[in-house]
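Asker: Handing you this structure, nothing more for now.
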Amino acid sequence: MVMLLGFIIAAICALTGAGGPILLVPVLVSLGIQIRVAVGVSLLNSVVIALPSISGYFAHATAEITPMLIITSLLGIMIGIVTGARLANKVPVHHLKLTVAMITILSSIYMLATLHTG
Numbered sequence: 004m005v006m007l008l009g010f011i012i013a014a015i016c017a018l019t020g021a022g023g024p025i026l027l028v029p030v031l032v033s034l035g036i037q038i039r040v041a042v043g044v045s046l047l048n049s050v051v052i053a054l055p056s057i058s059g060y061f062a063h064a065t066a067e068i069t070p071m072l073i074i075t076s077l078l079g080i081m082i083g084i085v086t087g088a089r090l091a092n093k094v095p096v097h098h099l100k101l102t103v104a105m106i107t108i109l110s111s112i113y114m115l116a117t118l119h120t121g
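Our numbering puts the sequence shown at residues 4 to 121.
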């Protein structure tokens, strides 16, 4: 069952670009996995999904903006990783669950609101 869920979530993430926390964390938590473990697993899962997906998406990207987008994105990601790692065990579990839930809800609302804009 877990392998089937992993397959479905990975396929959806690779297709849509949705990160692990959007789909995987709520599923893992509902299966009884601790929130901190679920976040860690989803981060590893995101890396595994993203690496092969990158080549498919960049094959169709505009070459002029791709290098700058990659560089600036990686800079932001590195700062976010360091910040998140430092705060990971300082945030109470309740706040972490609430934050994941709010990000998931807000992301869903945004996707629905921009559904027809391309």
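From the three backbone atoms N, C-alpha and C, an ideal C-beta is built for every residue, glycine too.
How is the alpha helix (DSSP H) around H97 delimited, first residue to last?
Answerer: Counted as a single uninterrupted DSSP element, the alpha helix (DSSP H) harbouring H97 occupies residues V96 to A116.
Asker: Can you tell me whether M4 is helix, strand or coil according to DSSP?
Answerer: Collapsing the DSSP output to three states places M4 in coil.
Asker: If we call anything under 8 Å between Cβ atoms a contact, is L99 one with I38?
Answerer: yes
Asker: Measuring only the C-alpha atoms, how far is I112 from P70?
Answerer: 30 Å
Asker: Would you call the stretch 90-105 and the stretch 24-37 touching, i.e. three or more CB-CB distances under 8 Å?
Answerer: Counting Cβ pairs under 8 Å, three or more are found: they touch.
Asker: Alpha carbon to alpha carbon, how far is I80 from C16? Give it in angstroms, no decimals.
Answerer: 18 Å
Asker: Assuming V42 and P24 form a contact by the criterion Cβ under 8 Å, report the distance between their Cβ atoms to the nearest whole angstrom.
Answerer: 7 Å
Asker: State the Cα-Cα distance for the pair A21 and L47, rounded to the nearest angstrom.
Answerer: If you take the alpha carbons of A21 and L47, they lie about 14 Å apart.
Asker: What is the residue span of the alpha helix (DSSP H) that G87 lies within?
Answerer: T69 to L90
Asker: I need the DSSP call for T127, collapsed to helix, strand or coil.
Answerer: Here the chain covers residues 4 to 121 and nothing more, so residue 127 does not appear.
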